[in-house]
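First comes the structure, then the notes that go with it.
Residue numbers (the numbering used here): 2 to 234.
Below, the structure is given as structure tokens:
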């Protein structure tokens, strides 16, 4: 893993992490029984109009996230949004992926109570987006309560969004299954609309902002070089 880039935490991010975690914990509780009572006929049902729309939205965001490959060409990340931590897979100029982590802390009068983070890992094969991993984590400072939610799409450019694998671990109790095993289209659609899409959209905004900041820094550096050249004449 290549050198990391980090700036201080962003307090407003805490509510976002808490929302995602609370939603998914409740979601898993109410769908847990139906996951294992799933029968094979459900897999053959056609997607509803809503499910099809949501799938297209996810695929479109994947396409947009693919633009992050331009960041792999940046030798050094000069500036990052507050509370953001950036690492690369591989070394420049042969990087194969980028990971962006957003951190936050919940504080009380006696100090920090809980550390929270959410991250996205984008891997590329050549210029093609080949893997998307998103993760949300919350942990009390004494380590007594830890929740990790991880979503992995090994084939982001195919048309099957339902092969996303969900892995949830709360204090050592773990569940893992592809979301296609959720009992029906409504459960899958609720999951995509209220959780996954919002998470992807948040990171798309973050990555676009990251690219914008690098472009601004590059423009500043070019201006400085030009001025230095003029001063030397």
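Every residue, glycine too, gets a C-beta built ideally from N, C-alpha and C.
Worksheet item: Are there three or more Cβ pairs, one per stretch, closer than 8 Å when the segment 203-210 is compared with the segment 61-75?
Response: yes
Worksheet item: Looking at the structure shown, is residue 159 part of a helix, part of a strand, or coil, going by DSSP?
Response: Here residue 159 corresponds to residue number 158 of the chain shown, with the count starting at 1. Here residue 159 sits in coil by DSSP.
Discussion item. Let's test the definition: count the other Cβ atoms within 10 Å of the Cβ of residue 169 and tell me whether it reaches 16, buried, or not, exposed.
Written reply: What you label residue 169 is simply residue 168 of the chain shown in a count that begins at 1. Under this definition residue 169 is a buried residue.
Fill in: Buried or exposed (CB count within 10 angstroms, at least 16 for buried), residue 174
As a working note, residue 174 is residue 173 in the chain shown. By the 10 Å Cβ count, residue 174 comes out exposed.
Worksheet item: Once you ignore the five residues that flank residue 91 on each side, which residues in its own chain have a CB closer than 6 Å to its CB?
Response: Here residue 91 is taken as the residue at index 90 of the chain shown, counted from 1. These residues qualify, in order along the chain: 97.
Worksheet item: What does a CB cutoff of less than 6 Å around residue 138 pick up in its chain, not counting 5 residues either side in sequence?
Response: Against the chain shown, residue 138 aligns to sequence position 137. Excluding sequence neighbours, residue 138 sits near 118 and 149.
Worksheet item: Hey, how far is the Cα of residue 177 from the Cα of residue 79?
Response: For the purposes of this step, residue 177 is identified with residue 176 of the chain shown, where counting begins at 1. For the purposes of this step, residue 79 is identified with residue 78 of the chain shown, where counting begins at 1. Using only the alpha carbons, I get a separation of about 38 Å.
Worksheet item: In whole angstroms, what separates the C-alpha of residue 157 from that of residue 131?
Response: As a first step, residue 157 must be located in the chain shown, where it is residue number 156. As a first step, residue 131 must be located in the chain shown, where it is residue number 130. One C-alpha to the other measures close to 6 Å.
Practice prompt. Entirely within the segment 122-203 and at least 4 residues each: give me those alpha helix (DSSP H) ranges in chain order.
Written response: 186-192
Fill in: C-alpha gap between residue 172 and residue 116, whole angstroms
To locate residue 172, count along the chain shown from 1; it is residue 171. To locate residue 116, count along the chain shown from 1; it is residue 115. Their backbone Cα atoms lie some 15 Å apart in a straight line.
Worksheet item: Between which two residues does the alpha helix (DSSP H) harbouring residue 92 extend?
Response: What you label residue 92 is simply residue 91 of the chain shown in a count that begins at 1. Premise fails: residue 92 is in no alpha helix (DSSP H) and is neither H nor E.
Discussion item. Suppose contacts are defined by Cβ-Cβ distances below 8 Å. Is residue 85 in contact with residue 74 by that definition?
Written reply: On the chain shown, position 84 is the one that residue 85 refers to. On the chain shown, position 73 is the one that residue 74 refers to. Taking 8 Å as the Cβ cut-off, residue 85 and residue 74 do not qualify as a contacting pair.
Discussion item. Applying the 10 Å Cβ sphere with the 16-neighbour rule, what's the burial state of residue 47?
Written reply: As a first step, residue 47 is located in the chain shown; it is residue number 46 there, counting from the start. At residue 47 the pLDDT is 49, less than 50, meaning the model places this residue with poor confidence; the figure from the coordinates comes in the next sentence. Per the 10 Å Cβ criterion, exposed.
Worksheet entry | Straight-line gap, residue 155 to residue 133 (C-alpha atoms, nearest Å) | As a first step, residue 155 is located in the chain shown; it is residue number 154 there, counting from the start. As a first step, residue 133 is located in the chain shown; it is residue number 132 there, counting from the start. Straight-line Cα distance between these residues: approximately 7 Å.
Worksheet item: In whole angstroms, what separates the C-alpha of residue 186 from that of residue 217?
Response: Translated into the one-based positions of the chain shown, residue 186 becomes position 185. Translated into the one-based positions of the chain shown, residue 217 becomes position 216. Looking at the two C-alpha atoms, the distance is approximately 44 Å.
Worksheet item: Run through DSSP, which three-state label would residue 78 get?
Response: Reading the chain shown from its first residue, position 77 is the one you call residue 78. Residue state, collapsed to three classes: coil.
Item to complete: Can you give me the Cβ contacts of residue 123 inside the same chain, cut-off strictly under 7 Å, excluding the 5 residues immediately before and after it?
Response: Within the chain shown, residue 123 is the residue found at index 122, counting from 1. Closer than 7 Å at Cβ, skipping near neighbours: 66, 69, 98, 99, 130 and 133.
Worksheet item: Considering only residues of the same chain and omitting the five flanking positions on each side of residue 164, which have a CB-CB separation below 6 Å?
Response: For this step, residue 164 is matched to residue 163 along the chain shown. Correct list, in chain order: 179.
Practice prompt. Could you have a look at residue 110 and say whether DSSP puts it in helix, strand or coil?
Written response: Within the chain shown, the letter at position 109 stands for residue 110. Here residue 110 sits in coil by DSSP.
Discussion item. For residue 95 and residue 71, I'd like the C-alpha separation in whole angstroms.
Written reply: The residue you call residue 95 lines up with position 94 of the chain shown. The residue you call residue 71 lines up with position 70 of the chain shown. Cα to Cα, residue 95 sits roughly 12 Å from residue 71.
Discussion item. The alpha helix (DSSP H) that contains residue 83, what's its start and end?
Written reply: Looking up residue 83 in the chain shown gives position 82. Note, residue 83: premise wrong, no alpha helix (DSSP H); not H, not E.
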